[in-house]
Amino acid sequence: MFNGSWKESDESVINIDIVDPNIDVDALNITLGSFYNDNVLIRPTQVVSILAAARLLQLEDLIQQCESIMKDSISATTVCKYYMGATMYGALDVESQCLQWLQRNLLSLREIDLLKDISCELMEKIVGSPNLCVLQVELDVYTLVKKWLYLQLFPDFEGDMTSLSEQMGYFKGLAEGKENHYFLMTKEGRKYISVFRQVRFHHIINDMQSVKTLYADHIVSPEWLQPYFTYQWNKMLAVDQGLDKGPQQLSEEEFNKTAMRCGRILQKNGKYCWRWTGYSYGFDLLIILTKRGFVFKRNTQSQPYNGSVSLQPTRRIFYKFSVMSLDKNGMVTYSKSTPIHRLRFVPDEDIPILTLEEAATFPLHICFNVVYVTPCESVPLPTLPTLTNEDWDKIDDIQGVPSSSVHLDPTLNPESLLSNSSAE
Numbered sequence: 001m002f003n004g005s006w007k008e009s010d011e012s013v014i015n016i017d018i019v020d021p022n023i024d025v026d027a028l029n030i031t032l033g034s035f036y037n038d039n040v041l042i043r044p045t046q047v048v049s050i051l052a053a054a055r056l057l058q059l060e061d062l063i064q065q066c067e068s069i070m071k072d073s074i075s076a077t078t079v080c081k082y083y084m085g086a087t088m089y090g091a092l093d094v095e096s097q098c099l100q101w102l103q104r105n106l107l108s109l110r111e112i113d114l115l116k117d118i119s120c121e122l123m124e125k126i127v128g129s130p131n132l133c134v135l136q137v138e139l140d141v142y143t144l145v146k147k148w149l150y151l152q153l154f155p156d157f158e159g160d161m162t163s164l165s166e167q168m169g170y171f172k173g174l175a176e177g178k179e180n181h182y183f184l185m186t187k188e189g190r191k192y193i194s195v196f197r198q199v200r201f202h203h204i205i206n207d208m209q210s211v212k213t214l215y216a217d218h219i220v221s222p223e224w225l226q227p228y229f230t231y232q233w234n235k236m237l238a239v240d241q242g243l244d245k246g247p248q249q250l251s252e253e254e255f256n257k258t259a260m261r262c263g264r265i266l267q268k269n270g271k272y273c274w275r276w277t278g279y280s281y282g283f284d285l286l287i288i289l290t291k292r293g294f295v296f297k298r299n300t301q302s303q304p305y306n307g308s309v310s311l312q313p314t315r316r317i318f319y320k321f322s323v324m325s326l327d328k329n330g331m332v333t334y335s336k337s338t339p340i341h342r343l344r345f346v347p348d349e350d351i352p353i354l355t356l357e358e359a360a361t362f363p364l365h366i367c368f369n370v371v372y373v374t375p376c377e378s379v380p381l382p383t384l385p386t387l388t389n390e391d392w393d394k395i396d397d398i399q400g401v402p403s404s405s406v407h408l409d410p411t412l413n414p415e416s417l418l419s420n421s422s423a424e
């Protein structure tokens, strides 16, 4: 516009129509001032507006300066604004770093305003990522999405995370007196299905208390969850009958799609030994932190365990194990990760998997992805249904879904399992 073959190049006065609401007078003044001074002071509160103005005027040096400032100042208060600005103005590196920040920090933070600011599209990316740092197990991902959903419905909610947790009975309350009422099947709820579809329900239904939570919430229809029970039942039978001793080969795509996601924060240095809850196909995997680093142990008889334990002479897993130290703004100060790797265990075997350097500081964030069983094409990984407009049109007043749309072959009846558990 100001040089080259543009018609405005020879004009002394240039009129510019600015329709972008992100560009205000202050941002435009700073942007135009960069013509005369290379040392432009840009505050994080202004940077998105200045990036917008710099992109309008095609000022590459200023664009790069804005992107650098954004990457250095990502925090809970800026990350969503930066992400939206980066996607709008083509700052791909900033967009990627914002997404990575959210994947690292979202489950460990207790920031109500941050959850409010996350769009449906962004939440879908976060929850679906294999790099999501889960605080404990997959149920915690579901719980986070449930809280996020409530804040999307009630953006004026005032309170902390504790008071937000107390509001989680809202969805169950909607179903009172309506036996077949499930929130995602309502007109108000269906636009959020894409986010819940990213939750790995096959790793939630492995735990009885988690199953009870899913059914009590009345968010996801039991009929939609039935295929996950079919999937896990087939996997359990294959392991129990010795047909599956763990994957021999696994592509990165398969691993990222099927792995169980777990995590933990170790608040201070010391010796640790733990396992994550949930059914693990008879493979009682203990994670041990020693002075030198982390060790995996396949426990069969050396430690007490309430669940079933496989005594097969060998078992295999694929895993990825990562550790991080973060500063007060959630930025990485230390990180170390294994590649996606296969291990073969005999009973009660210990295998060192990661050594910590002195640069590692506590609290230490642990991210662990693991695959215990072999994926197979004959038993595909289930997902929540994708319904057409015609399907939605068939939903009646009690939110019944046409069986041809989502109902598969008869499978385990989770409700009978729950009633048996209660009777005991």
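Note that UniProt numbering has the sequence shown beginning at 1, numbered continuously upward.
By construction, the Cβ of each residue, glycine as well, lies at the ideal position given by its N, Cα and C atoms.
query	result
Just to confirm, is the Cβ distance from Leu99 to Lys81 under 8 Å?	no
Per DSSP, what are the beta-bridge partners of Tyr334 in this structure?	Ser325
Output the distance between the C-alpha atoms of Asp160 and Gly33, rounded to the nearest integer angstrom.	43 Å
Looking at C-alpha atoms only, which residue of Asp240, Leu41, Thr77 and Leu106 is the closest neighbour of Gln65?	Leu41
Comparing C-alpha positions only, which one of Asp117, Lys187 and Tyr182 sits nearest to Phe154?	Asp117
Quick one: grab the DSSP three-state call for Asp20.	coil
Got a sec, what are the start and stop residues for the alpha helix (DSSP H) Val239 sits in?	Pro222 to Asp240
Where do the ends of the alpha helix (DSSP H) carrying Val295 lie?	First-last for Val295: Gly293 to Asn299, but that is the beta strand (DSSP E), not the alpha helix (DSSP H).
Give the straight-line distance between the Cα atoms of Val19 and Ala53, rounded to the nearest whole angstrom.	11 Å
Please state whether DSSP places Val320 in a helix, a strand or coil.	In the sequence under discussion, the amino acid at residue 320 is Lys, which differs from the Val named in the question. Correct three-state label for Lys320: strand.
By the DSSP assignment, the alpha helix (DSSP H) with Asn15 in it spans what residues?	From DSSP, Asn15 is part of no alpha helix (DSSP H); its letter is neither H nor E.
How big is the Cα-Cα spacing for Glu95 and Met88?	10 Å
Can you tell me whether Arg315 is helix, strand or coil according to DSSP?	strand
Within the same chain, show all residues whose beta-carbon is closer than 6 Å to that of Asp348, passing over the 5 residues directly before and after it, in chain order.	Thr300 and Ser302
Which whole-angstrom value describes the C-beta separation of Gln167 and Tyr150, a residue pair presumed to lie in contact below a C-beta threshold of 8 Å?	6 Å
Rounded to the nearest angstrom, what separates Ile340 and Pro352 at their Cα positions?	15 Å
Taking buried to mean at least 16 other C-beta atoms within 10 Å of its own C-beta, is Thr162 buried or exposed?	exposed
Report, in whole angstroms, the separation of the C-beta atoms of Val47 and Val141, which I expect to be a contact under 8 Å.	Their Cβ separation, rounded to whole angstroms, is 31 Å, which puts Val47 and Val141 out of contact at 8 Å.
Could you spell out the range, first to last residue, of the beta strand (DSSP E) harbouring Arg344?	His341 to Phe345
In terms of residue numbering, what span does the beta strand (DSSP E) encompassing Ile112 cover?	It is not in any beta strand (DSSP E) - Ile112 instead sits in the alpha helix (DSSP H) that spans Ile112 to Asp117.
What do you get for Trp148, buried or exposed, if any count of 16 or more other CB atoms within 10 angstroms of its CB means buried?	buried
Using DSSP with H/G/I as helix, E/B as strand and the rest coil, what is Gln399?	Residue confidence for Gln399 is low, a pLDDT of 48 falling below 50, so the modelled location carries little weight and cannot support an answer.
Nearest to Val25 by alpha carbon, out of Ile50, Pro44, Ile14 and Asn37?	Ile50
Compute the distance between the beta-carbons of Val373 and Val239, then report whether it is under 8 Å.	yes
Could one say the Cβ of Ile30 lies closer than 8 Å to chain C's Cβ atoms, at least one of them?	Although the question refers to chain C, the structure presented lacks it and comprises just one protein chain.
May I ask you to list the residues that DSSP assigns as paired with Gly263?	Cys367
Mapping DSSP to helix, strand and coil, what is Leu387?	coil
Helix, strand or coil for Leu356 per DSSP?	coil
Is it right to say Ser210 is buried, meaning 16 or more other beta carbons lie within 10 angstroms of its own, or is it exposed?	buried
For the beta strand (DSSP E) that contains Asp284, what are its first and last residues?	Asp284 to Leu289
Using CA coordinates, which residue listed in Phe35, Lys245, Glu253 and Tyr279 is at the minimum distance from residue 441?	An answer regarding residue 441 cannot be provided, because it is not within the stretch 1 to 424 covered by the chain.
Can you tell me where the alpha helix (DSSP H) with Trp274 in it begins and where it stops?	No alpha helix (DSSP H) contains Trp274, which is instead part of the beta strand (DSSP E) from Tyr272 to Trp274.
Rounded to whole angstroms, what's the CA-CA distance from Thr77 to Val220? Just pull it up for me.	31 Å
Using a Cβ distance threshold of 8 Å, determine whether the region 167–181 contacts the region 103–116, with at least three qualifying pairs required.	no
From the DSSP output, in three-state form, read off Cys133 for me.	coil
DSSP three-state label for Ile351, please.	strand
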